[in-house]
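Respectively, the protein sequence lines represent chains A and B. According to the working numbering, numbering within the first sequence proceeds without interruption in unit steps and concludes at 100. According to the working numbering, numbering within the second sequence proceeds without interruption in unit steps and concludes at 1485.
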Amino acid sequence: MISKDDIKNLARLELTEGEVAGLQKDISNVLEYVGQLRRFEVGVPTEASGVSLATRNVMRSDEPRGENDPLGGKREALLSAFPKREGDYALVRKIIQKDE
Amino acid sequence: MSSELNTLSITEATEKLQKKEISAVDLTRACLKEIEKRNPALNAYLEVFDDAEKQARSADERRAKGESSPLLGVPLAIKDNILIEGKCVSAASKILEGYVATYDATVIKKLKDAGTVFLGRTNMDEFAHGSSTENSAFGPSKNPHDESRIPGGSSGGSAAAVAADLALGALGSDTGGSIREPASFCGIVGLKPTYGKVSRSGLIAMGSSLDQIGPLTKSVADAELLFNAMRGRDALDSTSTDQGSTLTQGSQDRTFKKKIGVPRHLLGTGVDQDVLERFEQSLAALKTKGYEVVDIELPSAGLALAIYYVIMPAEVSANLARFDGVRYGLSHTGSSQWEDYAKTRAAGFGPEVRRRVMLGTYVLSSGYYDAYYGKATATRAELSAEVSRVLQDVVIIANPTTPTPASKLGEKTGDPLSMYLLDIFTVTANLTGNPAISVPMGTVPREGLPAQAGKELPVGIQFTAAHGNEQALFTIGKALEERLQ
């Protein structure tokens, strides 16, 4: 089973111990409430039920946006929004680190 | 020019503009004057754009050159999660404070083409997470009918702006009731269109299988006007469509039938007695307009809020992963990339956002996925099937938009679950993709209201129709407006 530290890490949130305790209480209350779903038996939806879970994929080709594209010409504006920028790159730290 | 121009509906203003009795500059100035007077107390706007008058002048010039779009020169308020190129947009979050939008949302582009004036950006719950605007990083908005009460949320700033005549109309977004609930609490009209009817390109995403942009207005005709200006398929939002919906559900035109279904089994507990009385009076008024009212059963609707509080946080935790301090907005520095992320997000996200991100991460985590997300998805399909079946027979499903009128500021902030329950009647339409509208159905008295006679709190009635059948909502909404006037 997942630990509270794992969730914190997965959510990429730095939390104090006090916050963790508060969140645990709030989240337990919500989980208890949504727990009623677990007691509800649902059949697998069929064509006859008039609704399908199947959604349709909408594809587009992976191409640079041209000048006439509604989002064309926004490159510099998007790059300028990077909090840490070097040239045309967003600056991040080295991800791969030596094991201690 | 009279400063009372700001009290006009869009439809009324359009008529005066077209007859050249007034100018767009007059209208905008009237709104700006009222904003100056009331916004300090209401906190409806986070920012009033300094070029509003300039936009109005440009609309007047366009009219002088012969243009006559019904929205030309109409001043609107825009929720702070919809992008306007060159303007700040923050979703009322510290993590995006000072961020400038790099492009126009599709709805903004369409409204610019139609010639509307954008007065400013309105307050909201941070990232639209909430039902009261109390989760805004920039302080709550107040209900214009009683400033000690919430305006509702998350589009509470937009609702307060329209109700207090600080704009002729406004845009909001609705993920679980965020247009309809504040519309109900502020005594105005709020429409959540069919899923896919209005492009979400340029809307800061919350729950992508639930989100829709829609209008908050003073009349049903105004809502219809704005909806028609914004609707339509957009290549930038692959879920948008010109068909009934991207979800598969029958949607023949059933506007000719005047049959309303009421799920009375849901109204037995938790709804204030006088709210129910207004509801019954509204149904009685609609009967005199030729509508028939029948009881319907939606066995899974009692589970709607439980389904929503699994699906929504799951989608929230995924959508908010992009706020990492690398791409835009706030950026904090720790001792590693992971710490950079964690510190940025801890400093930038408020308590409710953290709660939902953690909840969403939990329900999607290995070992819990089937029990929560899997179950919620299956129950959601069942609920959609039930709504679809009922709408084969009736054209409209009706219920009170909210179980109560607006609560006091601070009344529910200590108990998140009690706040969530304000959305109990609105989440179903988001889960099933159906269009739904909240229309004022009268007022109810509450203790502590300002002493002047007749001061009561508004409440709304919600109508839901089949996918793509917004027309039925406008027809019945106008019928009710006529009866209650």
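All C-beta atoms, glycine included, are put in the ideal place defined by N, C-alpha and C. None of the values given here were measured: they were computed from a predicted structure.
Does DSSP put residue 1254(B) in a helix, a strand or coil? In this prediction, residue 1254(B) has a pLDDT of 45, which is less than 50 and means its spatial position is unreliable; nothing more can be read from the coordinates.
Is it true that the CB of residue 1129(B) sits closer than 7 Å to the CB of residue 1356(B)? yes
Given a limit of 7 Å on CB to CB distance, which residues of the region 59-81 of chain A reach chain B? 70, 71, 74, 77, 78, 81
Below 7 Å between beta carbons is the criterion; list the residues of the region 1301-1318 of chain B that meet it against any residue of chain A, in chain order. 1303, 1306, 1307, 1309, 1310, 1317
Rounded to whole angstroms, what's the CA-CA distance from residue 1212(B) to residue 1446(B)? Just pull it up for me. 32 Å
Residue 14(A): contacting residues in chain B (beta-carbon distance under 7 Å): 1342, 1343, 1346
To the nearest angstrom, how far is the alpha carbon of residue 1148(B) from that of residue 1435(B)? 32 Å
As assigned by DSSP and simplified to three states, the class of residue 1118(B): strand
Are there three or more Cβ pairs, one per stretch, closer than 8 Å when the region 1339-1351 of chain B is compared with the region 1299-1310 of chain B? no
Using a Cβ distance threshold of 8 Å, determine whether the region 1088-1108 of chain B contacts the region 1190-1202 of chain B, with at least three qualifying pairs required. yes
Mind listing which residues of the region 1401-1423 of chain B have their C-beta closer than 7 Å to chain A's C-betas, in chain order? 1416, 1417
Alpha carbon to alpha carbon, how far is residue 22(A) from residue 11(A)? Give it in angstroms, no decimals. 16 Å
Using a Cβ cut-off of 9 Å, pull out every chain A residue sitting near residue 1164(B), in sequence order please. Chain A residues near residue 1164(B): none, gap ~33 Å exceeds 9 Å.
Can you check which of these residues, 14(A), 89(A), 73(A), is closest to residue 1345(B) by C-alpha distance? 14(A)
Which class does residue 1233(B) belong to by DSSP, given the choice of helix, strand or coil? coil
So that I know if they touch, is there some Cβ in chain A lying closer than 7 Å to that of residue 1253(B)? Note that residue 1253(B) scores a pLDDT of 46, beneath 50, so its modelled location is shaky; the value from the coordinates is reported in the next line. Closer than 7 Å: no.
Own chain residues within Cβ distance below 8 Å of residue 4(A), not counting five before or after: 20, 24
Does chain A have any CB closer than 7 Å to the CB of residue 1354(B)? yes
Amino acids of chain B, ordered along the chain, whose beta-carbon sits closer than 7 Å to that of residue 89(A): Result: empty, since nearest Cβ-Cβ is about 11 Å, beyond 7 Å.
Note down, in chain order, every chain B residue with its Cβ under 8 Å from the Cβ of residue 27(A). 1355, 1358, 1359, 1362
Could one say the Cβ of residue 93(A) lies closer than 7 Å to chain B's Cβ atoms, at least one of them? yes
With distances taken Cα to Cα, identify the nearest neighbour of residue 1400(B) among 1484(B), 1332(B), 1277(B), 1326(B). 1277(B)
Is the beta carbon of residue 1426(B) closer than 7 Å to that of residue 1387(B)? no
Just checking: is the beta-carbon of residue 36(A) within a distance shorter than 7 Å of some beta-carbon in chain B? yes
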